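One structure below.
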Amino acid sequence: MVTRRKFIICLTLLLISMKKLKKQNKGLKAVIREISEVSGHLWQRGWAERNAGNISVNITDLMQIEISELDSCPFSELTDTYPELAGKYFLVTGTSKRMRDLARKPMQNLLIIRLNDNANGYHIIAHKDNTVEFMPTSELPTHLGIHHMMAERGSSGKVVMHTHATELVALTQSKELCNKDALNTILWGMHPETIMFVPEGIGFVTYLLPGSSEIAIATIKVLQDHDVAVWEKHGVFAIGESVHDTFDKIDILAKSARIYFLCCSAGIIPEGFTEEQLRELKKLSANF
7 MVTRRKFIIC LTLLLISMKK LKKQNKGLKA VIREISEVSG HLWQRGWAER
57 NAGNISVNIT DLMQIEISEL DSCPFSELTD TYPELAGKYF LVTGTSKRMR
107 DLARKPMQNL LIIRLNDNAN GYHIIAHKDN TVEFMPTSEL PTHLGIHHMM
157 AERGSSGKVV MHTHATELVA LTQSKELCNK DALNTILWGM HPETIMFVPE
207 GIGFVTYLLP GSSEIAIATI KVLQDHDVAV WEKHGVFAIG ESVHDTFDKI
257 DILAKSARIY FLCCSAGIIP EGFTEEQLRE LKKLSANF
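Every number in the numbering used here is 6 more than the matching position in the sequence shown, counting from 1.
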């Protein structure tokens, strides 16, 4: 068990490393800036009420200094093991942290963790406020499971994002739309860029208890074939190569859902694109 004194000593020493990293490592600074900007977008769109939503980024390639004294850093065991993530570093939103605060003061609401060599636990490496202990998002097991899946598949994906995109959640209030085929028919049909930038469409996860191992397993399975998974009556999980790239996918899908609802509210039955038009648009996606 790590004493509070060891905890503070560890984080105080590591703050020096963090300052050095932020000063010398343009890549890490850029990622933090992206998270800050996107967190603001999530809040402004109403997709991040209270402490809703979380983000994680694999920053292993950006860690240019070796972290020592790991035994002194807070350690937490994980229920599952993630062998592909052994020794990897992640920038993760803290539990109960608000996106609006993350937008203003990112390093007071983020922390860096490192999975141990057995990949069955993690050390909290650093966060800015070394007088307050806080933990990663409660959705961490789902995030790690998705990162592990991407690593196994040799994917270039580095980012996992969860948010409560209002327009997409609203679609799942209709049982007729609670399947990926019905959702993709609507979302692809409303705007040409949707199928161009999300050509594989969205996956769908029926309602399961948030934070449970069941919803984590179901989400990971869906994201093997899609970059976005819609959770029934809850929100979305998305993956991408960058924070902006991941946000863009959700943003485009939400735009299509808004168009659909605007048509419905005006008494218009949305026509959507024909199958031939969708095939033509999908071919264009290879150019982007």
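Note that the Cβ used here is the ideal one computed from N, Cα and C, for glycine as well. Predicted, not measured: the structure shown is a model, and the values here were computed from it.
| Check | Outcome |
| --- | --- |
| Inter-residue spacing [alpha-carbon to alpha-carbon] between N136 and H129 | For N136, the predicted structure reports a pLDDT of 47, less than 50, and the residue's modelled location is therefore unreliable. A value from the coordinates is still provided. Each residue's Cα considered, the two are about 15 Å apart. |
| Per-residue DSSP class, three states only, for G241 | strand |
| Alpha-carbon spacing of G241 relative to K32, whole angstroms | 32 Å |
| Three-state secondary structure assigned by DSSP to D135 | Note that D135 scores 49 on pLDDT, short of 50, meaning its location in the model is unreliable; the coordinates nonetheless yield the value given after this. In the structure shown, D135 sits in coil (DSSP, three-state: anything other than H, G, I, E or B). |
| Rounded straight-line distance, which links the Cα of E173 to that of H47 | 15 Å |
| Cβ-based burial, N295 [other Cβ within 10 Å; buried from 16] | Because the chain is modelled from 7 through 294, residue 295 falls outside the range shown and cannot be assessed. |
| Near the ligand MN: G217 beta-carbon under 7 Å from a heavy atom | Within the structure as shown, the ligand MN is missing, as the structure has no ligands at all. |
| Bounding residues of the beta strand (DSSP E) (the contiguous stretch that carries M167) | V165 to T169 |
| Extent of the continuous beta strand (DSSP E) to which E83 belongs | F81 to E83 |
| Pairwise C-alpha distance: R264 and E220 | 30 Å |
| Residues that DSSP places opposite L97 in a beta bridge | V63 and I118 |
| Sequence-distant residues of the same chain with beta carbon closer than 8 Å to E206, five excluded per side | D231, H232 and D233 |
| Spatial neighbours of A171 in its chain, beta-carbon cut-off 6 Å, leaving aside the 5 residues before and after | W53, V242, I256 and A260 |
| Proximity winner among L150, I192 and G209, relative to N126 (alpha-carbon distances) | L150 |
| CB contact flag (L84, S42, <8 Å) | no |
| Between the CA atoms of E282 and R106 - distance to the nearest angstrom | 43 Å |
| Per DSSP, cross-strand counterpart(s) of G33 | In the DSSP output, where bridge partners are listed per residue, G33 has none listed. |
| Cβ pair G217, S144 closer than 8 Å | yes |
| 7 Å Cβ shell around E90 - same chain, five flanking residues per side excluded | H154, A157 and E158 |
| Whole beta strand (DSSP E) elements within the segment 183-265, 3-residue minimum | 208-211, 234-237 and 241-246 |
| Unbroken alpha helix (DSSP H) run spanning G151, endpoints | L146 to E158 |
| Spatial distance of I119 from A292 (CA atoms) | 36 Å |
| Status (buried if at least 16 other CB within 10 Å, exposed otherwise) for R285 | exposed |
| For P142, three-class secondary structure by DSSP | strand |
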